[in-house]
Each structure stands twice: as structure tokens, then as C-alpha cells.
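Participant:
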Amino acid sequence: MMQLQDIHHGYRQGGIFSRSRRHPVLQGARLTIGTGECVALLGRTGSGKSTLGRLVLGLERPDAGRILFDGAPLTDFRGRMAPATRRAIQAVFQDPQAATSPRFTGYEVVAEPLTVQGEASRDRVAELLAEVDLPPELLDRPAHRMSGGQLQRLCIARALATRPRLVVLDEAVNSLDLETQARVMALLRRLRAQHGMAFLFVTHDLRLLRGFADRSYVMQDRRPVEVADPFGPGPLPPVLQALRDAILPEMPRPRLPAGRAVG
């Protein structure tokens, strides 16, 4: 469905008093996402994983390389996506407050992509709220009066509005507390089973992948490298090992009196 072939991309850096230079972020990046597949993209902050997600969404054009969707270029020579492709690829970002207007009601947030197509209605939006376990009372509630978990589920409902085939989840649950994270992850599993959509799951939190991702890539040397099993016993790439070591235990170890050793 989605193919990234030998992608190179970067940004210009430099101030008023220094020469502008191109800083490479992605070099020779390759990645595939199959129909209905959940692909995880792991990496530290600043590794280029969110940039890759923006390329998949067509928000930026690569400096070199090709991005194909169903075998055709993702964008035309001007960087524009066909309307059908735009509807087929949606996103949920990390910060739901930044992704919504605080003055918008729940109805206005979810109806936004439907309004463009002339398909918005209260009944349709109410159905989408029900799909993400939100009550119809939120239709008329301003976004600034919703909790973080409610607002993120509202953003998921908005992403579902066009019945996309691929949803990019860019650190989509990382700003939520652990209990809300668990509820949203369970919701995403159910929606994937229900609609058969594919996910590109961009995250630095290895815990969230268990039982969710079909395949995993880790950002290393400015490109995604596929790993067989992030939780397996074998040797792992250094970046992935560092992410794995950062996982806190479910229960902290008991603190021993000074001078006593474990064992």
C-alpha cells in the first residue's frame, strides 16, 4: 500500500550572520506498510521519526527518493495530494490541544474533514463519537472543557471520519496518563479490527508496542531499520536496546539497607 524508497530529506539551518546549510535528517530511508498492517517506528527524540511521518502524510516533500501509495506517487509535481488520497491517509498527533481549536465544539472538531465534502451531520458525528466511546453530550461542549483523554479520542474520531485506509499515530498517546493510555490503546486495537485500517505508529515508548504492532522499525543512522522482535532475547541495535532499558519495571525493586547486596 505505502512504500518509501531511498528517501533523503533535511532542513536548512543557519542564522542571519552565518551561511545557511542543509542539515540531513533522513538518508536512504526505506519503509513499507501493507494493507491493514500496523507498523511501529521507534526512535529517540530528534531521530527523524516524526519527519518521516510528515512525509507519509504528504505534509512535506522529500528532497530525493519516491513515496508511493497503491503504486502511484503520493503527490503530484507540485506536492499536492489527490482528494481521494488525502481522505485515505489521516493522522492523530501527540498534543490534542494543539491539534484542535479550543473554541470548537466536539461537533465542529469531528465534522471538519466531513464539511469539506459536504457530508457533515450531527447524526454522522454522533456515530463517530460512539465509535470512540464518547457520549453525545460532547457534541456541544467546547474543546477547552474536555479532559486530555476525551480530546484525544475526539481527534481519533476526526481521523476516522473519512474512513481512511492508513492512520499515522505520531506519539498519539504519549502525553496521556498511564490509565488513559491503556484505554486509548485498547480503543485503537478495536478500531483496527473493526475497520481493517493500517497504522504507522510513531513512538519512543517501547511498552506500547506489545500486542499492537505487526512489524517494527527503529531509527538508526538517519534511516529506519527493521527489527525482528523488539522484545526478543537476541542482540538488538544499540538505539533499540537503550529504549528497552528505559522501560520502568511494573513494580520497583525493594530498597535494601545500606551495606547489603542483592542476592
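For the sequence shown, UniProt numbering begins at 1 and goes up steadily by one. All residues carry an ideal CB built from backbone N, CA and C; glycine is no exception.
1. Tell me which same chain residues have a C-beta within less than 6 Å of the C-beta of glycine 53, skipping the five on either side of it?
2. Go ahead and pull the three-state DSSP assignment for proline 73.
3. If valine 25 and threonine 51 are in contact, beta carbons under 8 Å, what's the gap, nearest whole angstrom?
4. Under 8 Å: does the beta carbon of leucine 206 sit that close to some heavy atom of the ligand PLP?
5. Classify glutamine 117 as helix, strand or coil using the three-state DSSP reduction.
6. Sort out for me which residues DSSP pairs glutamine 3 with in a bridge.
7. Helix, strand or coil: how does DSSP classify valine 56 here?
8. Where DSSP assigns a beta bridge to arginine 223, which residues make up the other side?
9. Classify histidine 9 as helix, strand or coil using the three-state DSSP reduction.
10. Report the residue from Leu176, Pro136, Arg223, Arg122 whose alpha carbon sits nearest the alpha carbon of glycine 46.
11. Taking 6 Å as the limit between beta carbons, can you name the residues of its chain near valine 39, skipping five residues before and five after?
12. On the criterion of 16 or more Cβ atoms from any shown chain inside 10 Å, does leucine 59 qualify as buried, or is it exposed?
13. Leaving out the 5 sequence neighbours to the left and right, which residues in its chain are closer than 8 Å to glutamine 5 when beta-carbon positions are compared?
14. Specify whether the segment 94-107 and the segment 139-155 touch according to this definition: at least 3 beta carbon pairs, one from each stretch, less than 8 Å apart.
15. What's the gap between the Cα of threonine 85 and the Cα of leucine 74?
16. Pull up the distance between the alpha-carbon of histidine 9 and that of aspartate 221, whole angstroms please.
17. If you reduce the DSSP assignment to three classes, tell me which class proline 142 lands in.
18. Please name the residue in Ser147, Asp177, Gly71, Gly79 whose C-alpha comes closest to that of aspartate 63.
19. Just how far apart, CA to CA, sit aspartate 123 and proline 136?
20. Beta-carbon within less than 6 Å of arginine 87's beta-carbon, same chain only, minus the 5 sequence neighbours each way: which residues are those?
21. So, helix, strand or coil for aspartate 214, using DSSP?
22. Take the Cβ of proline 83 as the centre, count every other Cβ of all protein chains shown within 10 Å, and call the residue buried at 16 or more, exposed below.
23. Taking the straight line between their C-alpha atoms, what separation do you get for lysine 49 and leucine 134?
24. Measure how close the beta-carbons of valine 110 and leucine 187 come, nearest whole angstrom, since I'm counting them as under 8 Å.
25. Taking the Cβ atom as the reference point for each residue, do alanine 198 and glycine 36 lie within a distance shorter than 9 Å?
26. Which word fits glycine 43, buried or exposed, when buried means at least 16 other C-beta atoms lie within 10 angstroms of its C-beta?
27. What are the uninterrupted segments assigned as alpha helix (DSSP H) that are 4 or more residues long and contained completely in the segment 118-183, given in chain order?
Facilitator: So, from the data block:
1. Val168, Asp170, Val202
2. strand
3. 5 Å
4. The ligand PLP is absent from the structure shown, which contains no ligands of any kind.
5. coil
6. Thr32, Leu68
7. helix
8. Gln220
9. strand
10. Arg223
11. Ile33, Leu200, Arg215
12. exposed
13. Arg30, Gly65, Arg66, Ile67, Leu68
14. yes
15. 8 Å
16. 13 Å
17. strand
18. Gly79
19. 10 Å
20. Thr162
21. coil
22. exposed
23. 30 Å
24. Not really, about 15 Å apart at Cβ, beyond 8 Å.
25. yes
26. buried
27. 122-131, 148-160
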